[in-house]
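Letter 115 of the sequence shown, counting from 1, is numbered 115 in this note's numbering, and no numbers are missing. Using N, Cα and C, we set each Cβ at its ideal position, and we do this for glycine too.
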Amino acid sequence: KDILDNGYYDNNRTGMPTYKLPHQIMQFNLQKEFPILTTKFVAFKTAVKEMLWIYQKQSNVVEDLRQMNVKIWNEWEGEDGTIGKAYGYQVKKFHQIDNLIEALKNNPQDRRMMLNLWNWEDLPEMSLAPCCFLTMWDVTDGHLNCMLIQRSGDMPLGVPFNSAQFSVLTHMLAQVTGLKPGLFTHVINNAHIYENQIEGMEVQITRANDAYSAPKLWLNPEIKDFYEFTIDD
């Protein structure tokens with residue numbers, strides 16, 4: 001609503017103008033709620049599958065995602081069947097998940113715990129520069145807190161998708177490291193609504209946010225290994 005009321009009209013590389021606001025921040029306590037919209041449909045399983053493809057399978061092969069019945073990366077598939085040196089490639093190249101889990105278990109007060117997908121050297125060989133490119137992790141009072149930095153966020157579609165993905169990731173990492181999920185903070189550098197999305201957003205914001213109780217996430221409590229989670233867990 002703030003973007004619709006106060007956003008700046010802006011042209012961009014896509015050719016579809018947007019209304020935007022810079023430096024938007026949302027914060028959720030994952031002990032109390034799970035940040036997924038109840039005022040419109042969000043493809044939750046698709047979001048989780050993409051997150052698993054990147055951070056668990058650590059893949060850049062589009063066919064791996066299609067095998068999970070997800071086709072959202074088909075448009076950026078290169079001749080070699082990959083999205084180049086993007087997303088899962090960067091996670092695997094630097095063993096980022098394993099290093100993070102090791103730190104969370106053995107040095108939880110480390111202030112250098114990050115997952116970083118923005119690699120300047122490899123950027124020219126990526127099909128698409130990462131939007132959600134950095135997470136920073138903190139452990140306080142036995143709770144795992146995640147801050148997501150997103151360079152560009154499509155508020156009607158992409159941002160709800162991403163908030164759900166990284167909240168699930170926080171829950172997963174907390175469970176396998178003996179922690180409780182804590183805060184999820186979502187920082188969006190360029191938060192925008194495309195001009196052709198305005199009508200739909202105006203309808204959505206008329207829907208009562210308190211029509212349903214805040215959602216909660218359930219994870220299979222038997223899973224103790226990050227790489228053993230499946231979409232059914």
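Practice problem: Report buried or exposed for residue 27, applying the criterion of at least 16 other Cβ atoms within 10 angstroms of its Cβ. | Solution: exposed
Quiz prompt | Other residues of its chain near residue 86: CB distance less than 7 Å, five sequence neighbours each side excluded | solution = 60, 126, 127, 128 and 130
Quiz item: What does residue 24 pair with, by DSSP beta-bridge criteria?
Solution: 188
Quiz item: If you draw a straight line from the alpha carbon of residue 177 to that of residue 224, how long is it in whole angstroms?
Solution: 8 Å
Self-check item: DSSP-derived helix/strand/coil call for residue 51
Solution: helix
Exercise. Reducing DSSP to helix, strand and coil, say where residue 133 ends up.
Key: strand
Self-check item: Environment of residue 19 [buried if 16+ CB atoms lie within 10 Å]
Solution: buried
Practice problem: Measure the Cβ-Cβ separation of residue 164 and residue 70 and say whether it is below 8 Å. | Solution: no
Quiz item: According to the Cβ coordinates, are residue 120 and residue 134 closer than 8 Å?
Solution: no
Practice problem: To the nearest angstrom, report how far apart residue 49 and residue 132 are at their CA atoms. | Solution: 16 Å
Quiz item: Apart from the five residues on each side of it in sequence, which residues of its chain come closer than 7 Å, Cβ to Cβ, to residue 103?
Solution: 110 and 113
Quiz prompt | Contacting residues, own chain, Cβ-Cβ under 6 Å from residue 237 (five flanking each side not counted) | solution = The structure shown does not extend to residue 237, since the chain spans only 1 to 233, so no value can be given for it.
Exercise. Give a yes or no on contact between the stretch 193–207 and the stretch 66–83, applying the rule of three or more CB pairs nearer than 8 Å.
Key: no
Quiz item: Secondary structure at residue 215, three-state DSSP: helix, strand or coil?
Solution: coil
Exercise. Taking only the alpha-carbon atoms, compute the straight-line gap between residue 180 and residue 15 and give it to the nearest angstrom.
Key: 43 Å
Exercise. Identify, in the order they occur along the chain, each residue of the same chain with its Cβ nearer than 8 Å to the Cβ of residue 51, setting aside the five sequence neighbours on each side.
Key: 165, 166, 168 and 169
Quiz item: How would you write the range of the alpha helix (DSSP H) that residue 201 sits in, first residue to last?
Solution: 198–204
Practice problem: Count the other C-beta atoms from every protein chain shown that fall within 10 angstroms of the C-beta of residue 97, then say buried if there are 16 or more, exposed otherwise. | Solution: buried
Quiz item: Quick one: what's got a C-beta closer than 7 Å to residue 57's C-beta in the same chain, skipping five residues either side?
Solution: 64 and 88
Exercise. Taking residue 149 as the reference, give the member of 143, 158 and 136 with the closest Cα.
Key: 136
Quiz item: Can you give the Cα-Cα distance for residue 145 and residue 200, rounded to whole angstroms?
Solution: 33 Å
Quiz item: Would the beta-carbon of residue 187 fall within 8 Å of that of residue 147?
Solution: yes
Exercise. Have a look at residue 142 and residue 217 and give me their C-alpha separation to the nearest angstrom.
Key: 19 Å
Quiz item: What are the boundary residues of the beta strand (DSSP E) that residue 227 is part of?
Solution: Neither: residue 227 is in no beta strand (DSSP E) and is coded neither H nor E.
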